[in-house]
Amino acid sequence: MIRVGILGMGMMGWLHAGQILKLPGAELVAIADSTPERLIAKDSVVGNITTGDGALDLSGVARHTDPCTLIADDGIDIVDVCLPTPFHARYTVEALQAGHHVLCEKPMALTLQDADQMIAAAKQHDRLLMVAQCIRFWPEYRFLRDQVRGGALGSLLSLDLWRTGARPTWSWQNWFLDPQRSGGPLYDLHIHDVDYTNYLLGLPDRVQASARRSPATGAYDVVHALFTYDDGPQVHIHGGWSVAEAPFRAGYEAWFERGLIRFDGLANPPLMVYDSQGSACSPEIEQGNAYYNEIAYFVDCVEHGQPPVECPPESARDSLGLVKKEIAASESGQSIPGRN
Ligand SMILES: NC(=O)c1ccc[n+]([C@@H]2O[C@H](COP(=O)([O-])OP(=O)(O)OC[C@H]3O[C@@H](n4cnc5c(N)ncnc54)[C@H](O)[C@@H]3O)[C@@H](O)[C@H]2O)c1
């Protein structure tokens with residue numbers, strides 16, 4: 001049984017707790033949060049994601065108000081870092097130094113220096129590190145991955161990805177709306193699709209982008225990016241936070257040699273496949289949620305001592321680097337090489 005402790009019991013900490021409680025091979029043994037009421041019950045937190053897990057029974061789970069005392073518990077195998085982004089590097093490194101494996105929420109960090117320190121600590125202490133880039137584990141996006149890797153529709157020609165929603169106003173100390181702490185939506189939200197593109201197709205040959213700053217926060221609030229692959233597809237990615245209370249919307253449209261796949265989380269049915277013979281169908285895909293899938297995957301890696309090849313930390317670090325390249329491309333008006 002793999003023993004897990006969670007740092008940060010905000011929206012994501014409670015969401016992760018619900019998945020760990022369902023996992024046959026894992027046990028939630030400790031939680032930590034500096035806000036004591038967040039350690040008591042899930043309804044003390046708010047957010048925009050639900051996995052329908054209902055009330056959670058955490059009786060018997062140790063509670064800490066200081067992440068360091070949880071990290072000091074050597075009965076824990078995995079420390080699951082669900083803290084606000086500015087704390088990712090510090091507590092990931094401390095947990096790795098203490099001998100734990102670490103699952104860390106995305107974005108890995110706000111700077112490449114922090115990401116490099118996290119990777120170096122995992123190597124130095126011979127522990128596993130994975131960044132929870134959940135779109136790599138999302139059933140509709142895995143379906144697209146499988147089609148790209150060898151489906152009946154032929155080669156991928158073009159991919160359009162989008163992820164937009166209202167500015168998140170519910171977080172602890174409103175840290176999401178502080179660009180110094182969250183990086184704004186390019187680092188916090190749009191990075192999901194950047195990372196998925198990196199996972200699906202690797203680093204692009206060229207990055208172009210146009211980003212706009214919010215007058216309210218001064219941070220980039222919306223971006224249109226274009227990734228170009230020589231002899232491969234072109235990828236357009238649109239992401240951002242709006243001041244309007246519009247519903248969150250994410251999806252993709254992938255054009256292939258012999259058809260098209262469209263996923264729109266707000267449509268019914270959300271996933272459709274159209275082929276060049278005129279047929280249209282909503283395919284059967286695997287069940288389950290991405291958060292459960294990613295945590296189950298990392299628990300399995302730890303149990304078998306296998307590196308997380310589906311989401312190596314170096315790859316999550318490259319995705320962070322791509323967001324930075326988008327900003328550089330937008331500011332310079334130039335196309336930037338995607339590979340170094
Ligand atoms: N994968 C996804 O889909 C997804 C979605 C939302 C957020 N996230 C990421 O998850 C992370 C957490 O986001 P969230 O929405 O849960 O935030 P949140 O504001 O809801 O919760 C943060 C929690 O951390 C606690 N905290 C803050 N500083 C602390 C400290 N020093 N020590 C102990 N506890 C501390 C707060 O009391 C709060 O309970 C962020 O990195 C965010 O980007 C990922």
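Reminder that position 240 of the sequence shown reads as 240 in this note's numbering, one-by-one numbering, no gaps. Heads up, the beta-carbon is just placed ideally off N, CA and C, and yes, glycines get one too. If you're wondering where the values come from, they're calculated on a predicted model, not measured in any experiment.
Under the three-state DSSP convention, the category residue 229 falls into = Residue 229: coil per DSSP, three-state reduction.
Candidates 91, 228, 217 and 186: closest to residue 206 by CA position | Among 91, 228, 217 and 186, the Cα nearest to that of residue 206 is on 228.
Output the distance between the C-alpha atoms of residue 53 and residue 18, rounded to the nearest integer angstrom.
-> C-alpha separation (whole angstroms): 6 angstroms.
Uninterrupted beta strand (DSSP E) stretches inside the segment 102–160 (no shorter than 3 residues) | Runs of the beta strand (DSSP E) spanning 3 or more residues and lying entirely within the segment 102–160 occur at 129–132, in chain order.
For residue 119, collect the residues of the same chain with a Cβ closer than 8 angstroms to its Cβ; drop the 5 residues on either side in sequence, then sort them by chain order.
-> The answer, listed in chain order, is 129, 313, 314 and 317.
Inspect the beta-carbon positions of residue 210 and residue 192 and report whether they are closer than 8 angstroms.
-> When the beta-carbon positions are compared, residue 210 and residue 192 stay at least 8 angstroms from each other.
Whose C-alpha, out of 15, 163, 138 and 196, is nearest the C-alpha of residue 286?
-> The candidate whose alpha carbon is nearest that of residue 286 is 138.
Could you tell me whether any non-hydrogen atom of ligand 1 is closer than 7 angstroms to the CB of residue 250?
-> Checking every heavy atom of ligand 1 against the Cβ of residue 250, none is found closer than 7 angstroms.
Expressed to the nearest angstrom, what Euclidean distance is found between the alpha-carbon atoms of residue 232 and residue 31?
-> Here the C-alpha atom of residue 232 lies approximately 45 angstroms from the C-alpha atom of residue 31.
With which residues is residue 26 paired in a DSSP beta bridge?
-> Answer is 2.
For residue 136, the nearest candidate out of 333, 340, 308 and 331 (CA to CA) | Nearest C-alpha to residue 136: 308.
Is the segment 35–44 touching the segment 66–73 in the sense that three or more CB pairs, one from each, lie closer than 8 angstroms?
-> Taking 8 angstroms as the limit for Cβ pairs, the verdict is that the segment 35–44 does not touch the segment 66–73.
Mind pulling the beta strand (DSSP E) runs of 3 or more residues that sit fully within the segment 171–254?
-> Listed in chain order, they are 206–213, 220–228 and 234–242.
By Cβ distance below 6 angstroms, which residues in the same chain neighbour residue 165 in space, the five residues on each side in sequence not counted?
-> Around residue 165: 248.
Using 7 angstroms as the cut-off, classify the Cβ of residue 308 as near or not near the heavy atoms of ligand 1, replying yes or no.
-> No, Cβ of residue 308 sits at least 7 angstroms from all heavy atoms of ligand 1.
Can you tell which of 80, 107, 329 and 47 has the C-alpha that lies nearest to the C-alpha of residue 169?
-> If we check each option's Cα against that of residue 169, 47 comes out closest.
Through-space distance from residue 112 to residue 90, alpha-carbon basis | When rounded, the separation of the alpha-carbon atoms in residue 90 and residue 112 is 14 angstroms.
Does ligand 1 have even one heavy atom less than 7 angstroms from the beta-carbon of residue 83?
-> Because some heavy atom of ligand 1 lies under 7 angstroms away, the Cβ of residue 83 counts as near it: yes.
Please name the residue in 262, 177 and 77 whose C-alpha comes closest to that of residue 305.
-> Closest option to residue 305, Cα to Cα, is 77.
With 16 as the cutoff for other CB atoms within 10 Å, does residue 278 come out buried or exposed?
-> Classification of residue 278: exposed, given that the 10 Å Cβ count is below 16.
Proximity test, residue 98 beta-carbon vs ligand 1 heavy atom, cut-off 7 angstroms | Relative to ligand 1, residue 98 has its C-beta separated by 7 angstroms or more from all heavy atoms.
Quick one: grab the DSSP three-state call for residue 41.
-> Correct three-state label for residue 41: coil.
Assigned secondary structure, residue 167 (DSSP; H/G/I helix, E/B strand, else coil) | Looking at residue 167 - three-state DSSP - the assignment turns out to be coil, as it is neither helix nor strand.
If you count every other CB in all the chains shown that lies within 10 Å of the CB of residue 68, and 16 or more means buried, which is it?
-> With a threshold of 16 other beta carbon atoms within 10 Å, residue 68 falls short and is exposed.
If residue 221 and residue 240 are in contact, beta carbons under 8 angstroms, what's the gap, nearest whole angstrom?
-> Indeed they touch by this definition, with Cβ atoms about 5 angstroms apart.
Could you name the residues of the same chain whose beta carbon sits closer than 6 angstroms to that of residue 161, not counting the 5 residues immediately before and after it, in chain order?
-> Leaving aside the five residues that flank residue 161 on each side, the residues in its chain whose CB is nearer than 6 angstroms to its CB run, in chain order, 193, 237 and 252.
Closer than 7 angstroms: is that where the CB of residue 175 sits relative to any heavy atom of ligand 1?
-> Checking every heavy atom of ligand 1 against the Cβ of residue 175, one is found closer than 7 angstroms.
To the nearest angstrom, report how far apart residue 269 and residue 121 are at their CA atoms.
-> One alpha carbon belongs to residue 269, the other to residue 121, and they sit about 44 angstroms apart.
Could you say which of 61, 134, 185 and 181 lies nearest to residue 199 if we only look at CA atoms?
-> Checked all of 61, 134, 185 and 181; the closest Cα to residue 199 is 134.
By Cβ distance below 7 angstroms, which residues in the same chain neighbour residue 145 in space, the five residues on each side in sequence not counted?
-> Excluding positions up to five away in sequence, the list reads 200.
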